[in-house]
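Undergrad: Pasting a structure below so you can have a look.
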Amino acid sequence: MTVAAELRSRTQELLAAHPPLETGRLDFLKARFDAGLAWVHYPEGLGGLGAPRTLQAVVDAELEAAGAPDNDPRRIGIGLGMAAPTILGFGTEEQKRRFLRPLWTGEEVWCQLFSEPGAGSDLAALGTRAVRDGDEWVVDGQKVWTSSAHLARWAILIARTDADVPKHRGITYFICDMTDPGVEVRPLRQITGEAEFNEVFLTGVRIPDSRRLGEIGEGWKVAQTTLMNERVSIGGMRIPREGGMIGPVSRTWRERPELRTHDLHQRLLKLWIEAEVARLTGERLRQQLVAGQPGPEGSGMKLAFARLNQEISGLEVELLGEEGLLYDDWTMRRPELVDFTGRDAGYRYLRSKGNSIEGGTSEVLLNIVAERVLGLPSEPRTDKDVAWKDLAR
Amino acid sequence: MTDLLYSEEEKALRAAVRDLLTDHCDAASVIARTESGTPHDPELWKALTEGMGLAGLLVPEAQGGQGATHREAAVVLEELGRAVAPVPYLTSAVVATEALLACEGDAAAELLAALASGRTVGALAVALNAGPGGAYKAVRHEDGALHGELTGIADAAAADVLLVPAEDGALYAVDADAVTISPQVSLDLTRPVAKVTFEGARARRVTSDGAAAVRRALSAGAGLLASEQLGLAEWSLTETVRYLKERKQFNRPVGGFQALKHRLAQLWLEVVHTRAAARNAADALAKGGDDTDVAVAVAQAYAAPVAVHAAEEALQLHAGIGMTWEHPVHLYLKRAKADSIAYGTAGAHRETLAGLVDLQAPQSN
C-alpha cells in the first residue's frame, strides 16, 4: 500500500470509530491527534506518523468530505505555526508530550512573547531579563504586540540571560505560564480602535528550568526556527481572481456608478492589474512548490500584499466620498481574529497599515531580498562584537 | 489549468537560444551595427531560423512550421529581449505569422510556409503603436494595386513582404521591392521603424476579413511582447546588481548601501511579478481560452512599465557610465521605452481591461 493509501485508510478508520456527527468536537480532535492524523509529518505519539508533509492534504480532504470538525487553525495559529515546530525541534520528550496535544486540539491557546518596545526590528536587542535562582528563572520585563495574550494559556518567550556577551549570544528561550503571578496582560488599543494586541508586563515571573527550550544562551537559534515558520505561514494561500482586498472595492465600483471619477478609474485599474499579477505570482510559487522546485519568490509575497492592501483600501476610502469621512465603529473591542472583509473600508485602510510592520517590516524584508536573493553586501554591523550591556539604546 | 512554470523542453530551448546569442549577439557588436546602416543582423537571423527553426514555432507542422506554441515563442522572446537582439522575430515570426494564421487560401498558406522557414521576412504594415482593438491606418486599393503611405512600420526595412490592410477591409500581401521603404530615425535603434509608400504597388489579397487578422496578430504581439520585456528587465536587474557589487565608493561596495538595496529588491519583486504575468499570457495564447484577452491586457499593462523602470534604474545606478554610448544600457532603455508604446500603451490595455472585467469608466458629461 502506498503511504497515501495508508493515510486514507487510517482516516477512514478514525471516522468509523468516531463518527463526527455523534462525537463531541473536542473528543474527535483528541482521537484524530492520537491516530497520528493531526500533523502526519510529526513523529508517532506526537500527533503524526512520520509521513511526508505534503500528504497532510490527503487526510484533510477526506476529513473535510466527511464533515469532521477542524481545530480552528486561524484562532490557534500562533501555537500551530510557531510554538509547535519550535517545541518539536528543540523540546525535551517530556515537553513534547505535555504541550503538543492540547496545543493542536485548541484546548490550550499560545501566544508569542518576542517583541519589545525597545527592540522592534532589532529583536535580538531585547531587554527582558531572566536570572537564574536555583531550579527556576526569575523574569522581569515588558513585551508588546502580543496577539491572543488575553486568551493564551502558554507563551513562547525569549529573554536575556547574559548581558556581558554580544546580543545574539545572551538570549534563552522559555515556555511561560500565562497564569503565573507576575504576568499582567493589558489590552493595547490600536489605530483601528480595537485591541487586537496586548502589552505583557512580566514582574518576578518564576519559570522552572524544566520549561527552558534549548540550551542556555542558544535562544536566538531556537527563535530562528519560530520566525522562519512565521514567514512561511504568511502569503501561501491560493486565492481566486478578485479574491483579496481588490474584491470589495471592485464591487463598490460596479454597484455605485455615481461615485466614479476618471482619476479613481485609472488608479483602480492599475491596482486591479497589480492584484491580479500578485495573485498569479502566488499561484506560480505554489506550482513551483508542488513541482518540488521552491523559488525565492516567497520572500516577496508579503511585501507585495502589504503595499497592495494599503493602496487598495486607501483608494476605497476615497471612492466612498462623503461616506469615506465616516467610520463604522470606534468601540474598543477584543477580536479573536482579524476580520478584513466584515468591516468597512476605513477599518481596512487603517488595519492594513500594519501589514508592512507585522511579521517583519517591509524595510527588513527588502534587506533580506537584497542580501539573500540578490547577494548584495550586508550593512556594516557595528554591534557584532559589543556586549549587550554596552549597546546604544 | 494555467501552467505558469517552464517545461524541461522550454528550459532546453532557452539554453540553446541563450548560447547562440552569447556567441553571436554581444552588446558591442549590436552597438556597432546600429551605426552601420544595416541595423538588422541577417547572420543572426539565419542562425535562429534556418539553424534552429525558430521562425516556424507558431506554425503547424502541416503548414511548414514547428507546431510549437506561444509558450515556446515566449521563451525565445525572453532571450532576444535579454540580448536586445536586432532581428525581426516579434514582427515576422509572431505578428505577421499570426496575421497569416487567421487567413485561408493558397496565397496565405504559401506565405506562411515561407515565413516559417525564415528565408522570407514578413511585416504587418500597421504602425507599431497600434494595440489589439485599437484604430490603425489603411491604404487605398484600386485595380489590384495599393496607393498611399504608412508610417511607424516596425522592421519594414528587413522585410521581404508586407501585409497591408486596405480601406476595403481586406488584407493584402505586397512585395517589398514593389514599394518605397524609407527608414525613419527611430528611438529604438534595434527595432527601427520606417515609412512605406505605395504608388500602385501590385497586391495579392490574403483575406477579405483584414480586421480579424490584424486583431489576432496584435493580440499575440502584445501578449508575447511581455516576455521580451521580462528578458529586458531581467538583464537590467542582473547587470545592475553585478555592477553594484563591484563598484566601490566611500570605501564600500555601492551595492551595500541600503537605499540602493531597497531599490534593487523592489525591482526584483517587479521582475518576479512580470514573469508570472508573461507566462500567464503565453499560456493563455497557447490554449486560446475565454480568458486570453484579460491575460494579454494584464500582462502588457504590467510588463511595459516594469521594463522601463528596470532600464531607467539600470541607467541611474550605473550613473555616469550609464550615460555613455559604449555601455549597452542605452540600448535597453531605448528598446524598453519603445516597447512601452508598441502594441498598445499600458493605458490603452487598462482601458481594454475595464471593459473585459466590468470596471467601467465614469459616464462622460
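Protein chains in written order, with UniProt numbering: chain S, 1 to 393; chain Y, 1 to 365.
Beta carbons are placed, not taken as given, at the ideal position from N, Cα and C, and that holds for glycine.
None of the values given here were measured: they were computed from a predicted structure.
1. Which residues in chain Y sit within 9 Å of Q310/S, going by Cβ to Cβ distance?
2. Mind checking the region 277 to 296 of chain S against chain Y and listing, in chain order, the residues whose C-beta falls within less than 7 Å of any C-beta there?
3. Note down, in chain order, each residue of its chain lying with its Cβ closer than 7 Å to the Cβ of R241/S, except the 5 sequence neighbours on either side.
4. What do you get for A73/Y, buried or exposed, if any count of 16 or more other CB atoms within 10 angstroms of its CB means buried?
5. Quick one: which chain Y residues come within Cβ less than 9 Å of E379/S?
6. What three-state label does DSSP hand D177/S in the structure shown?
7. Between A392/S and chain Y, is the shortest Cβ-Cβ distance under 8 Å, so that the two count as touching?
8. Give the list of continuous beta strand (DSSP E) stretches no shorter than 3 residues that lie fully inside the region 133 to 164 of chain S.
9. Of the residues P42/Y, P86/Y, C25/Y, A173/Y, which one's Cα is nearest the Cα of T97/Y?
10. Any Cβ of chain S within less than 8 Å of the Cβ of P165/Y?
11. Indicate whether K245/Y and L376/S have their beta-carbon atoms separated by less than 8 Å.
12. Against chain S, with Cβ distances strictly below 8 Å, would N280/Y count as a contact?
13. Just reading off the alpha helix (DSSP H) that R205/Y is part of, what are its end residues?
14. Can you confirm whether D290/Y, when its beta carbon is compared against all beta carbons of chain S, has any partner nearer than 8 Å?
15. Please confirm whether T128/S and L21/S have their CB atoms less than 8 Å apart.
16. How big is the Cα-Cα spacing for E390/S and K143/S?
17. What three-state label does DSSP hand G120/S in the structure shown?
18. Rounded to a whole number of angstroms, what is the C-alpha to C-alpha distance between C103/Y and I341/Y?
19. Assuming the contact rule is C-beta atoms closer than 8 Å, A297/Y and L356/Y should be a hit. Round their C-beta distance to whole Å, please.
20. With DSSP run on the structure shown, which of helix, strand or coil describes W330/S?
21. Between V59/Y and the rest of its own chain, which residues show a CB-CB distance below 8 Å, the 5 nearest in sequence each way excluded?
22. Compute the Euclidean distance between the alpha carbons of V373/S and P19/S, then round it to the nearest angstrom.
23. Curious, which full-length alpha helix (DSSP H) runs of at least 4 residues does the region 275 to 345 of chain S contain?
24. On the three-state DSSP scale, how would you describe F90/S?
25. How far does the beta strand (DSSP E) with V174/Y in it reach, from first residue to last?
26. Within 10 angstroms of its Cβ, does H273/Y collect 16 or more other Cβ (buried), or is it exposed?
27. Just mark G236/S as buried or exposed, buried being the case when its beta carbon has 16 or more other beta carbons within 10 Å.
28. Our contact map puts W110/S next to A38/S with C-beta atoms below 8 Å; I'd like the distance itself, whole angstroms only.
29. Answer with yes or no whether the minimum CB distance from H150/S to chain Y is below 8 Å.
30. Just the Cα atoms here: how many angstroms apart are L44/Y and L77/Y?
31. Give the DSSP-derived three-state secondary structure of G204/S in the structure shown.
32. Would you say the region 129 to 144 of chain Y touches the region 228 to 235 of chain Y, given that touching needs at least three Cβ pairs under 8 Å?
33. With a threshold of 8 Å between beta carbons, is V373/S in contact with chain Y?
34. Using DSSP with H/G/I as helix, E/B as strand and the rest coil, what is I234/S?
35. According to DSSP, simplified to helix, strand and coil, what is V164/Y?
36. Using a Cβ-Cβ cutoff of 8 Å, what residues of the region 265 to 276 of chain S are near chain Y? List them in chain order.
TA: So, from the data block:
1. Within 9 Å Cβ-Cβ: nothing; Q310/S doesn't reach chain Y, min ~15 Å.
2. V277, A278, L280, T281, E283, R284, Q287, Q288, A291
3. E276, R279
4. buried
5. G256, F257, Q258, K261
6. strand
7. no
8. 136 to 143, 154 to 160
9. A173/Y
10. no
11. yes
12. yes
13. Run containing R205/Y: none in the alpha helix (DSSP H); it sits in the beta strand (DSSP E), 204 to 207.
14. no
15. no
16. In the sequence as displayed, the identity of residue 390/S is Asp instead of Glu. Going from the Cα of D390/S to the Cα of K143/S covers about 21 Å.
17. coil
18. 27 Å
19. 7 Å
20. coil
21. G65, Q66, G67, T97, L101, L112, A113, L115, A116
22. 49 Å
23. 298 to 319
24. helix
25. 171 to 175
26. buried
27. The predicted model places G236/S with a pLDDT of 47, which falls under 50 and marks its position as unreliable; any figure quoted below should be read in that light. Answer is exposed; the Cβ neighbour count stays below 16.
28. With 8 Å as the limit, W110/S and A38/S do not qualify as a contact, their Cβ atoms being about 15 Å apart.
29. no
30. 14 Å
31. strand
32. no
33. yes
34. Any answer about I234/S is weak, because its pLDDT of 40 lies below 50 and its placement is not dependable; what the coordinates show is given next. Three-state result, I234/S: coil.
35. strand
36. H265, Q266, L268, L269, K270, W272, I273, E274, E276
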